[in-house]
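Engineer: Take a look at the following structure, please.
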Amino acid sequence: MSEGGPPGYGGLPFVPPFVPPYPPRPERLPPWRALIREGRRNSLAVLPRIAYERDLLTTRVLSRDIVLVNSPATVQEAFVDKHEVFQRKSPQFRFALVPLVGDSMFASDGALWRERRRLMAPVTHASRMAELLPPVTETVAECRAEWARLPSGTLVDVLAAMGQLAAAIICRSLFGRALGRQAAGAIVAGFAEYQAVVDFADPMSLLGLPDWLPRWRGGRARAAIRRMHAVVDELIAGVLDAAPEEPSLIRAMRLAGEGSMDRAAFRNEAIVLFIAGHETTANLLAWAWYLLSQDPASEARLRAEAAAVLGGRTAELADVPKLVFTRAVAEETLRLYPPVPILSRQALADSSIGGRPVRRGAVVVAIPWLLHRRPALWAQPDAFVPARFLPGQPRPPRHGYIPFSTGPRICTGQQFGLAEAVIALASLSQDVRLRLAPGTAVMPVAKLTLRPGDSLPMLLERDAGTRIPGEGTTT
Ligand code: HEM
């Protein structure tokens, strides 16, 4: 490519980039029965080719109007300019989550959402990084030490490993280091039990498809909720009654919500932070390891940056701004494999988008997966090119790159999640290279989040003579 190439490259010299896998793109949307059947298996696989080209698409499935906003302008109109009309989460999303997280910021709208957002957003805000990141560094250092004890060539399920890492981090952030360390197992088990009985790991639900599709398994779901609530209530009591005081998100929440939030509200918001901040970051990390394993040049560049900035240390707050290529890898991973692949809303009143009428009750969706791969917005949209996110490159179109959503309901943990990913990638890459296990076929599957299937088997390889953090050397 010559100097001044297409947008997204900013005139960088051309090297054929790695194109990671994506599901086939059918010519047209399947008939609704097949749409539901196939869509429940993998909602990305039913998106027709035309969806990658249009700014706005409307369809009607059974009695439900569905409006796809698919350009920066239409996303801005629905998610920013007309937020008051389109702020409510889709009915199925609420059915699935409200029993677990009650009146929380995540699932509510209107005055309650506004008030909770005002109180809760500062708790994970970028300005609190000095308090938020030490548990990240500590947990990543422990993961390094654990991996260092594995012989080179060990098979690791990287999806599960990143899930455990992210869960340990968010639990320590929420409940403090000591309690959080013990809490992770019980919370992960409680949430997994809930997920198993409530079918909200189904993005077709988010599209607002038929309400009669089975979702609830009554008694079992209620029992799972009771158990999860009891675990979290006990942890919150442990944090609030403990002395001496240790920094934690629960304490920050108490300061923020003093007087206006009861214990149930604390519990609801705590579960929200666990759900919102755990699988998202875990998937980002798993996808990043996969992409790096397939692109030796990017992997070498990231490792060189980590070595230069960290010199063997585990990254901390002050290192994050220096790890620019690592951050670009994380941002490009979020473009190609946005952990939340579908954002769905319900119209609270008759309105319009792009000049087309939208009726009250219609489900409005933005699909970051589609937007991030539109040829109109990105050069080589399906290719892995971290350099497009380096400083000095043109920034992606506003509202065209939305891995954290956009508008007033944008992710409150955006900076925290990104910093966590940068710290983990840079630190761990100093010790190991992860290689895809031979014979593994990777394909993105959209459940509630976008994952590389049910597992990601990779071989952990170590350079001879690598220092084990805190110990001697290994070969
Ligand atoms: C790479 C990591 C992450 C990604 C990709 C991500 C993505 C998102 C997205 C797309 C939404 C909007 C969902 C919707 O509107 O339907 C969201 C909301 C939210 N996220 Fe994140 N998130 C990440 C990490 C985190 C972390 C670490 C936290 C906190 C610890 C967090 C807390 C929240 C909360 C509280 C909301 C709800 C905001 C509201 O409704 O007003 N997220 N996130």
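If you read the sequence shown in the working numbering, its first letter stands for residue 4, the second for the next number, and so on.
Glycine included, C-beta positions come from ideal geometry on N, C-alpha and C.
Quick one: what's V368 bridged to in DSSP?
Structural biologist: Per DSSP, L71, S347.
Engineer: Looking at the structure shown, is L462 part of a helix, part of a strand, or coil, going by DSSP?
Structural biologist: Of the three classes helix, strand and coil, the one that applies to L462 here is strand, per DSSP.
Engineer: Here's a check: name, in chain order, each residue in its chain whose Cβ is nearer than 6 Å to the Cβ of S155, leaving out the five neighbours to either side.
Structural biologist: The answer, listed in chain order, is E464, R465.
Engineer: Going by CA-CA distance only, name the one from S408, I405, A382 that's closest to Q396.
Structural biologist: The shortest C-alpha separation from Q396 is found at A382.
Engineer: Between the C-alpha atoms of A169 and S263, what's the straight-line distance to the nearest angstrom?
Structural biologist: If you take the alpha carbons of A169 and S263, they lie about 30 Å apart.
Engineer: Could you please give the first and the last residue of the uninterrupted beta strand (DSSP E) stretch that includes R436?
Structural biologist: Counting along the chain, the beta strand (DSSP E) containing R436 begins and ends at 436-439.
Engineer: Look up L153 in the DSSP assignment and say whether it is helix, strand or coil.
Structural biologist: Coil.
Engineer: Please go through the segment 159-202 and give each complete alpha helix (DSSP H) segment of 4 or more residues, from N-terminal end onward.
Structural biologist: Segments of the alpha helix (DSSP H) lying fully in the segment 159-202: 161-178, 180-200.
Engineer: On the CB-based measure, 16 or more other CB atoms within 10 Å of its CB, does Q185 come out buried or exposed?
Structural biologist: That one is exposed.
Engineer: In the structure shown, what three-state DSSP assignment does F21 receive?
Structural biologist: Strand, per DSSP.
Engineer: Spatial neighbours of F269 within its chain, please: C-beta separation below 8 Å, excluding the five flanking residues on both sides.
Structural biologist: Excluding residues within five positions, the ones whose Cβ falls inside 8 Å are I239, I253, M256, R257, G260.
Engineer: For S93, which beta-bridge partners are listed by DSSP?
Structural biologist: Per DSSP, none; premise fails for S93.
Engineer: Alpha carbons only, please: which of F89, A449, L103, R67 is nearest the one belonging to V275?
Structural biologist: For V275, the nearest C-alpha among the options comes from L103.
Engineer: Nearer than 8 Å: is that true of the beta carbon of V454 relative to any heavy atom of the ligand HEM?
Structural biologist: The displayed chain sequence assigns Arg, not Val, to residue 454. R454 Cβ: outside cutoff for every heavy atom of the ligand HEM.
Engineer: Could you tell me the distance, in whole angstroms, from the CA atom of E141 to the CA atom of V368?
Structural biologist: Going by the C-alpha atoms only, they are around 38 Å apart.
Engineer: Comparing C-alpha positions only, which one of N73, N286, L421, M132 sits nearest to R376?
Structural biologist: Here the closest residue by C-alpha is N73.
Engineer: Counting only the same chain and skipping the five closest in sequence on each side, list residues whose C-beta sits under 7 Å from that of M461.
Structural biologist: The answer, listed in chain order, is V159, V161, W292, S296, L437, R438, L439, A440.
Engineer: Starting from the N-terminal side, write out each stretch of the alpha helix (DSSP H) that is 4 residues or longer and does not extend beyond the segment 27-54.
Structural biologist: Fully enclosed alpha helix (DSSP H) runs of 4 or longer: 35-44.
Engineer: Do the segment 395-409 and the segment 120-140 touch if we need at least three Cβ pairs shorter than 8 Å?
Structural biologist: Not touching, per the Cβ criterion.
Engineer: Taking M132 as the reference, which of R348, E423, D457, K450 has the closest Cα?
Structural biologist: Per the Cα distances, E423.
Engineer: Kindly give me the distance between the Cβ atoms of L47 and P447, rounded to whole angstroms, as I take these residues to be in contact under 8 Å.
Structural biologist: With 8 Å as the limit, L47 and P447 qualify as a contact, their Cβ atoms being about 6 Å apart.
Engineer: Quick one: Cα of E249 to Cα of R266, how far?
Structural biologist: Spanning the two alpha carbons is a distance of roughly 19 Å.
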